[in-house]
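In this note's numbering, the protein residues as written are 49 to 1064.
The beta carbon of each residue, even a glycine, is placed where N, CA and C say it ideally should be.
This one's a predicted model, so the numbers in the text were calculated from it and none came from an experiment.
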RNA sequence: GCGCGCUUAGCUCAGUGGAAGAGCACUUCCUUCACACGGAAGGGGUCGCAGGUUCAAGUCCUGCAGCGCGCACCA
């Protein structure tokens, strides 16, 4: 057990971050990320769920003014959009450059409605001419595709939707402060009023929802930490589909080991011993080559050389597709809880500020009625009192100054309802990280701040830190003081030979005028400012350094699981022994989140893959096929189910209904089945206990009954089937085999038949009966008591043999009840030293019965057929009772006319299972006309019913049986008369069909005879 | 759009070229001594549709239909 937030594990996570940072694989950048406006954090692409929704496509008219800026009502383009609210941030209209309809417009300007702003018309290949009007509005700050276009065409990035999902001041009066969906309505109304809305059509499209908070995500520009995935090539190649290489697991030989999957050596392995998956307890330690390992390592020709296998195979395709289309992983989250980013900044104050504000925010939730200002005040107070900001902080109402990490400030502002102060990015490339300061003239919660209003920023540093000075001055028309275009203009000016009349520094800074364009470029180009102000390391660099407030995506800790749990980065013995591991059991829904990333981390940090086999379970869904989820409330409480049915029942029932790789619709009935099964198992053991006698006695071959041999052969068959099922990861098949074997074969037939030996004392009348039986070894009356006791003990030994095997076979599926029964039955005392003892878990895993065993106990396969026929006779005999309307509890007399001599034991079993008052064995029985009869190759079974014979009914029943036989014969004959079949079918199939035909023909003849007798 | 599943009894689903299966539900009978959370006997199927390969197809191939899931920058 390991908790990823444990200190040791947490250190691993941070070390990995530092290592990847030093390799240059982790970087920080301003990117378009998936933003969750409810949780106010970035998300990875994998955390976004696409949901298909019915929406609308709004067609909006954008006027095209002429060169002189005059509007002609006939000059316009129509764009189609699903998100009208983003038009406030439009910076261009794009058409496909190959589109003759619009090509001539490229380079002209369009007038953005509502904002009355001129935006360029650009040409971009990305535009699909077929969709909508072939003319697209471009909102670089609020759409991933538009962002790329914005970069390509050097468009401004105007942020009109804030991190809270509300429109920013940039959105303009009347919209700022509105929720994005409210803004959409308002804008549509406004466009209608202005007659710029051409039409609305229904449109179905995909909307990304946050997996975390289930709100639509916003594409949002923000500064985040990213990871360029490591060891991608090796991870992509290590698993391959085996489809093309012939069916896997074709080795169905009865003696198949539990580990038929070869485990080839991996190139470049760290030298750690590959452990062979095995249910046997191996004495061998790491470094000792066990024979099992040697055998298993030898690959067969048909097997793939890929070192890893997926079960089921088809997920390889999904995996490979993802691996070959990797995008950098956004690993930072703006959350309170998680592993913190091990990066430190030497600007004091802001880290504490950030955390304090969040703290106050949390507390504020408990204090209804507190307004944002009070919260903010409280935050400032806390910060100042803490002394972390010292004198750098001044009264907010008159102006303040703080050294700050821009992203955190932006974030803190947003979280504090100070959305009217927004710092937004201005430019890509050199000034990508420059600050675009804007004011928002809409009414905010804090009057003093609203009326503020001038922001001046000093850009002193490059990449990541900014020293920002804010002073409160008068607002001028609510306009931003400068925008990126101004900046860019100034920059080109400054880069040019002749300095502009107004140096950029003066535009940007009040004092000191230390920042200049040249300095900016110098910093950005030549100086690694990160070294000066940023350190990536696990421990704090010392006084004055503050840690990045972001935390890491939870999967950034999970992907280290296979080795971080075993002491990495120390090369512990555990790690050496168990890495690479053998099997991963997980759900296919986290192939990307977890499996793929663990594989990459394994190669990157251990130099070898983390596991050899991946078993993908199905996903348990509700009855409607929906995934279980807290919000739907469709998830049953496992603890309640366990209380109601038991843990074993839940486990067994679920596994029984979950085939390899298929999802399962959860049904409590399955758990009920499990519960019923546990009950059956318990009672079957109780039956054995109630018989008393020695536990696990020796089995004497001479005394084995046909039923004993039958159940031992059936056990052998079940073990073989289960062994194969395990080897191929078909666990539901193993449970079904066990269920069938134990319930249908052991309980329904064998236990019932064993009562002929166990539970029925041999009385004089029965001995007389036996005298009349022609049997080779009929007991003499004198010896019968002793013999009965011996036979009884022998049957008990068989019961114990079968039960002790069954319990072990069931143990993986029913761990609790089997452990309890293992002890309760006394089997733990009987195991050889080191094999049984304190727990069933150490007992040897059952193996198929070997040749010696079969030979010694005379377990010839013919007993299966013989006993099957006997039981079939019983079933048919019971059917006779049923059809004769004889109540199940009424004892009646049967007559059996055997085709061959019958063993007394078999006669006894027949009598018992038929619940007969008596079973008369008469090879020469001459039945009365109309006596209900069963015909089998063991002989004929009659149910003589005095006064109850219904000739017509019996005739009808036999006719029906005859029809059945005829139809089976016809089918078999048709096959066997086909020369193609006889010449091409394999001999054993041919033989099967011939035998079948013969059996049905014999049966048909017997039925015919009986029908004739009935007429007679 | 691309990819992957699924379609078999009333329901939920196994089924690996060679007799169509299970659990639940249903009908009838049975509290006989391990178990009524049980036992016994039954009824119930054009294996989605159409072609093809094969001696043989629920199973392999192709196409179609319906359902589901993943991926994808068609605004």
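### Query
Quick one, are the C-beta atoms of residue 856 and residue 894 less than 8 Å apart?
yes
#### Entry: the segment 150-165 / the segment 231-249 touching (three or more Cβ pairs under 8 Å)
yes
### Task
Would you please state the rounded distance, in angstroms, between the beta carbons of residue 602 and residue 633? I believe it to be under 8 Å.
Incorrect: roughly 19 Å between the Cβ atoms, too far for contact.
### Message
Checking the sheet assignment: what are the DSSP bridge partners for residue 75?
### Response
274
#### Entry: Span of the beta strand (DSSP E), counted from its first residue to its last, around residue 168
165-171
### Message
Just verifying my parser: in three-state terms, what is the DSSP assignment at residue 824?
### Response
Note that residue 824 has pLDDT 44, beneath the 50 cutoff, so the model's placement of it is unreliable and the number below is only indicative. Residue 824: coil per DSSP, three-state reduction.
### Beta-carbon gap between residue 932 and residue 993 smaller than 8 Å
yes
### Task
Please work out which residues of its chain come closer than 7 Å, Cβ to Cβ, to residue 619, disregarding the five sequence neighbours upstream and downstream, and give them in chain order.
none
### Query
For the segment 976-1057, which segments carrying the beta strand (DSSP E) assignment without a break, of at least 3 residues, lie completely within its bounds, in sequence order?
981-984, 987-990
### Task
Tell me whether the beta-carbon of residue 275 lies closer than 8 Å to the beta-carbon of residue 74.
yes
### Task
Would you decide whether residue 1063 is buried or exposed? Buried here means 16 or more other CB atoms lie within 10 Å of its CB.
exposed
### From 888, 763, 769, 942, residue whose alpha carbon lies closest to that of residue 970
942
### Query
Expressed to the nearest angstrom, what Euclidean distance is found between the alpha-carbon atoms of residue 64 and residue 623?
17 Å
### Task
Mind reading off the beta-carbon distance from residue 263 to residue 85? Whole number of angstroms is fine, and I expect it under 8 Å.
6 Å
### Task
Please classify residue 876: does DSSP put it in a helix, a strand, or coil?
helix
### Task
Check residue 665 in the structure and name its three-state DSSP category.
coil
### Task
Rounded to whole angstroms, what's the CA-CA distance from residue 361 to residue 288? Just pull it up for me.
9 Å
### Task
Please name the residue, chosen from 986, 1005, 957, that lies closest to residue 980 on a Cα-to-Cα basis.
1005
### Segment limits, beta strand (DSSP E) that includes residue 941
940-946
### Task
To the nearest angstrom, report how far apart residue 175 and residue 363 are at their CA atoms.
34 Å
### Query
Do residue 199 and residue 171 have their C-beta atoms within less than 8 Å of each other?
no
### Query
Three-state secondary structure (DSSP) at residue 492?
In this prediction, residue 492 has a pLDDT of 24, which is less than 50 and means its spatial position is unreliable; nothing more can be read from the coordinates.
### Message
Between which residues of its own chain and residue 848 is the CB-CB distance below 8 Å, once the five residues before and five after are set aside?
### Response
736, 743, 744, 745, 873, 875
### Message
Within a Cβ cutoff of 6 Å, which residues of the same chain sit near residue 228, ignoring the five residues on either side of it in sequence?
### Response
133, 209, 213
### Nearest-angstrom Cα separation, counted from residue 782 out to residue 1043
31 Å
### Query
Where DSSP assigns a beta bridge to residue 267, which residues make up the other side?
82
### Message
Counting C-beta neighbours from all protein chains within 10 Å, is the total for residue 705 16 or more, i.e. buried, or is it exposed?
### Response
buried
#### Entry: Contact set for residue 269: own chain, Cβ-Cβ below 7 Å, skip 5 residues either direction
78, 80, 189, 205, 207, 473
### Task
If I'm right that residue 185 touches residue 141 with Cβ under 8 Å, what's the distance once you round it to whole angstroms?
6 Å
#### Entry: Through-space distance from residue 202 to residue 139, alpha-carbon basis
10 Å
### Query
Grouping DSSP H, G and I as helix and E and B as strand, with all else coil, what is residue 218?
helix
### Query
Does the count of Cβ pairs from the segment 715-734 and the segment 690-707 closer than 8 Å reach three?
yes
### Message
Taking 8 Å as the limit between beta carbons, can you name the residues of its chain near residue 101, skipping five residues before and five after?
### Response
252, 253, 254, 255
### Query
Whole-angstrom Cβ separation of residue 611 and residue 630, contact assumed at under 8 Å?
Not quite, the Cβ-Cβ distance comes to about 14 Å (not below 8 Å), so this is no contact.
### Between the CA atoms of residue 974 and residue 779 - distance to the nearest angstrom
53 Å
### Query
When DSSP labels each residue in this structure, what does residue 254 get in the three-state scheme?
strand
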